[in-house]
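Enquirer: To start, I am sharing the structure in question, which I have written as structure tokens.
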């Protein structure tokens with residue numbers, strides 16, 4: 020039983036890492052969070068209700084650990100400001116190949132959206148959670164999920180449309 | 053218009069009840085609504101493409117291995133009911149918090165106690181308790197002993213006390229020290245072992261309530277906030293509510 024649960028966690032790892040990475044913007048930090056969350060999940064596996072989504076349950080553990088860590092470091096809001104995004108992108112050019120690839124993707128996600136908007140986009144638009152499920156995972160009201168989604172999408176639309184109206188359209192016209 | 057967009061978004065996300073969904077669909081004759089939905093779909097697609105690239109990252113074998121090998125330690129956690137600091141840390145660190153049959157730090161089987169050890173420990177404890185903020189670690193000059201305060205609190209009698217974790221030769225302990233009115237920090241009760249170094253095993257305590265022998269006054273003590281603790285350290289643990297003459 021335990022080993023099945025463990026293997027279920029292992030098979031969720033790519034998605035757990037994506038969740039943690041979208042949350043933190045840092046691969047090492049994301050892997051630490053995922054590992055801690057899985058250890059915690061193993062410890063508390065009897066609290067997980069069979070038939071409910073294991074991924075959402077572990078996401079919530081990751082989210083809680085992340086909040087605890089930010090609190091203990093006493094830096095809740097300065098976390099992923101644009102400066103740190105730039106630092107991440109800069110660091111990527113000197114980093115390991117995997118990190119570089121990551122950062123090219125991450126920079127697109129991070130640079131365009133603040134953390135709270137990235138998280139609702141990931142859960143609702145990508146993972147097709149309902150607003151209620153996303154609200155439960157992120158521990159926020161459903162109305163907040165909607166307003167964050169709405170802002171996130173407006174921002175992405177603006178970025179996409181800027182890109183369309185920029186060099187690409189110029190090329191077509193040329 | 054804003055509300056209309058929110059409704060269209062809810063429609064797009066499958067969040068509208070049947071009746072409302074059907075009404076919203078009726079309004080899709082409006083080119084502006086259709087265009088908005090198309091832009092919404094494009095935004096989701098762009099974000100999903102980026103998110104899916106993250107999914108393709110190979111999971112480090114080290115991480116898989118760590119999860120396959122991790123030993124959940126459910127049975128022996130100390131019910132340390134008063135404070136969250138130490139148990140939280142012990143659990144976070146994946147330590148089995150067992151009570152040692154021998155709880156005195158300097159009666160470790162690997163290294164007999166000496167007066168010198170005890171005096172060095174007391175000096176380090178004094179230094180750490182007096183000046184190191186919770187969450188930071190100070191080690192002895194030879195690196196053998198480390199002490200990290202976890203949380204500070206003040207008793208009803210306006211005595212400052214601090215919970216700490218301490219390690220020596222790989223063994224982890226927790227304890228509480230209180231400051232007397234001449235500025236000496238004294239260990240309260242005994243140190244509690246949190247984890248045995250590899251190769252040593254401790255017998256889990258049976259029926260021990262709370263693990264420690266804390267004076268009842270400490271159980272009710274008020275935890276200091278980070279700012280209050282900073283201020284206490286800065287002022288040399290001067291009690292703002294009850295001035296003492298030194």
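Chains as they are written, first to last, in our numbering: chain A, 20 to 193; chain B, 53 to 298. The beta carbon of each residue, even a glycine, is placed where N, CA and C say it ideally should be.
#1: Report the residues of the region 42 to 54 of chain A with a CB closer than 9 Å to any CB of chain B, ordered along the chain.
#2: Check residue 202(B) in the structure and name its three-state DSSP category.
#3: Residues in the same chain with beta-carbon distance under 7 Å from residue 238(B), minus the five sequence neighbours each way, listed in chain order, please.
#4: Quick one: is residue 72(B) buried, meaning 16 or more other Cβ sit within 10 Å of its Cβ, or exposed?
#5: Who are residue 190(B)'s beta bridge partners in DSSP?
#6: Which residues, taken in chain order from the region 28 to 43 of chain A, show a beta carbon closer than 8 Å to some beta carbon of chain B?
#7: May I ask you to report which of helix, strand or coil DSSP gives residue 237(B)?
#8: So, is the C-beta of residue 102(A) closer than 8 Å to a C-beta in chain B?
#9: Can you tell me whether residue 180(B) is buried or exposed? The criterion is at least 16 other CB atoms within 10 Å of its CB, across all chains shown.
#10: List, in order along the chain, the chain A residues whose C-beta lies closer than 7 Å to that of residue 99(B)?
#11: Please determine if the region 63 to 70 of chain A and the region 145 to 157 of chain A are in contact, where contact requires at least 3 C-beta pairs separated by less than 8 Å.
#12: Classify residue 177(A) as helix, strand or coil using the three-state DSSP reduction.
#13: Check whether chain B comes within 8 Å of residue 72(A), counting only Cβ atoms and requiring the distance to be less than that.
#14: Quickly, what does DSSP pair residue 230(B) with across the bridge? List them, please.
#15: At a CB-CB cut-off below 8 Å, which residues of chain A make contact with residue 58(B)?
#16: According to DSSP, is residue 111(B) helix, strand or coil?
#17: Any chance the region 159 to 178 of chain A sits against the region 134 to 142 of chain A, with 3 or more Cβ pairs inside 8 Å?
#18: Tell me, please, whether the region 173 to 192 of chain B touches the region 214 to 224 of chain B by the rule of three or more beta-carbon pairs shorter than 8 Å.
#19: Would a check of beta-carbon distances place residue 25(A) closer than 8 Å to chain B?
#20: Output the boundary residues of the alpha helix (DSSP H) element that contains residue 76(A).
#21: Hey, is residue 113(A)'s beta-carbon within less than 8 Å of any beta-carbon in chain B?
#22: Can residue 156(A) and residue 66(A) be called in contact, C-beta distance under 8 Å?
#23: With a threshold of 16 other CB atoms inside 10 Å of the CB of residue 123(B), please say whether the residue is buried or exposed.
#24: In the region 188 to 207 of chain B, which residues sit with their C-beta less than 9 Å from some C-beta in chain A, listed in chain order?
#25: Just how far apart, CA to CA, sit residue 177(B) and residue 242(B)?
#26: Quick one: residues in its chain with C-beta nearer than 6 Å to the C-beta of residue 80(B), no 5 flanking neighbours on either side, listed in chain order?
#27: Measuring from the CB of residue 34(A), is there a heavy atom of the ligand NAP at a distance below 7 Å?
Expert: Let me spell this out:
#1: Cβ contacts with chain B: 46, 50, 53 and 54.
#2: Counted from its first residue, the second chain places residue 202(B) at position 150. Residue state for residue 202(B) is assigned as strand, using DSSP reduced to three classes.
#3: Reading the second chain from its first residue, position 186 is the one you call residue 238(B). If we look at residue 238(B) and ignore the five residues flanking it on each side, its Cβ neighbours are 229, 230 and 232.
#4: For the purposes of this step, residue 72(B) is taken as the residue at position 20 of the second chain. Around the beta-carbon of residue 72(B), fewer than 16 other beta-carbon atoms lie within 10 Å, marking it exposed.
#5: Here residue 190(B) refers to the residue found at position 138 of the second chain. In the DSSP assignment, residue 190(B) forms a beta bridge with 199(B).
#6: For the region 28 to 43 of chain A, which is checked against every Cβ of chain B, the residues closer than 8 Å are 28, 29, 32, 33, 34, 36, 37, 40 and 41.
#7: For the purposes of this step, residue 237(B) is identified with residue 185 of the second chain, where counting begins at 1. Correct three-state label for residue 237(B): strand.
#8: Along the first chain, read from residue 1 onward, the residue named residue 102(A) stands at position 83. Only weak support is given to the placement of residue 102(A): the predicted model assigns it a pLDDT of 41, under 50, and the value that follows is read from those uncertain coordinates. Interface flag for residue 102(A) against chain B is unset, since no Cβ pair is found closer than 8 Å.
#9: Here the question's residue 180(B) lines up with position 128 in the second chain. With 16 or more Cβ atoms within 10 Å of its Cβ, residue 180(B) is classed as buried.
#10: Here residue 99(B) refers to the residue found at position 47 of the second chain. Within 7 Å Cβ-Cβ: 140, 144, 145 and 175.
#11: No, they do not touch.
#12: Position 158 of the first chain holds residue 177(A). It is helical.
#13: Working through the first chain from its first residue, we reach residue 72(A) at position 53. No, residue 72(A) does not count as interfacial toward chain B.
#14: To locate residue 230(B), count along the second chain from 1; it is residue 178. Paired residues: 213(B) and 238(B).
#15: Position 6 of the second chain, counted from the first residue, corresponds to residue 58(B). Listed along chain A are 165 and 169, each with a C-beta nearer than 8 Å to that of residue 58(B).
#16: Along the second chain, read from residue 1 onward, the residue named residue 111(B) stands at position 59. Reduced to three states, the DSSP call for residue 111(B) is coil.
#17: They touch, by the three-pair rule.
#18: Touching, yes, given that three or more Cβ pairs across the two stretches are closer than 8 Å.
#19: Taking the first residue of the first chain as position 1, residue 25(A) is located at position 6. For residue 25(A), the answer is yes, since a Cβ of chain B falls inside 8 Å of its Cβ.
#20: Walking along the first chain from the start, residue 76(A) turns up at place 57. 73 to 91 is the span of the alpha helix (DSSP H), which, as asked, contains residue 76(A).
#21: In the first chain, counting from the first residue as 1, residue 113(A) sits at position 94. For residue 113(A), the predicted structure reports a pLDDT of 44, less than 50, and the residue's modelled location is therefore unreliable. The matter cannot be settled from this model.
#22: To locate residue 156(A), count along the first chain from 1; it is residue 137. To locate residue 66(A), count along the first chain from 1; it is residue 47. Residue 156(A) is not a Cβ neighbour of residue 66(A), given a cutoff of 8 Å.
#23: One-based indexing of the second chain puts residue 123(B) at position 71. With fewer than 16 neighbouring CB atoms inside 10 Å of its own CB, residue 123(B) falls in the exposed class.
#24: The region 188 to 207 of chain B vs chain A, Cβ under 9 Å: nothing.
#25: Mapped onto the second chain, residue 177(B) falls at position 125. Mapped onto the second chain, residue 242(B) falls at position 190. Cα-Cα distance, rounded: 14 Å.
#26: The sequence position of residue 80(B) within the second chain is 28, counting from 1. 86.
#27: Ligands displayed in this structure: none; no statement on the ligand NAP is therefore possible.
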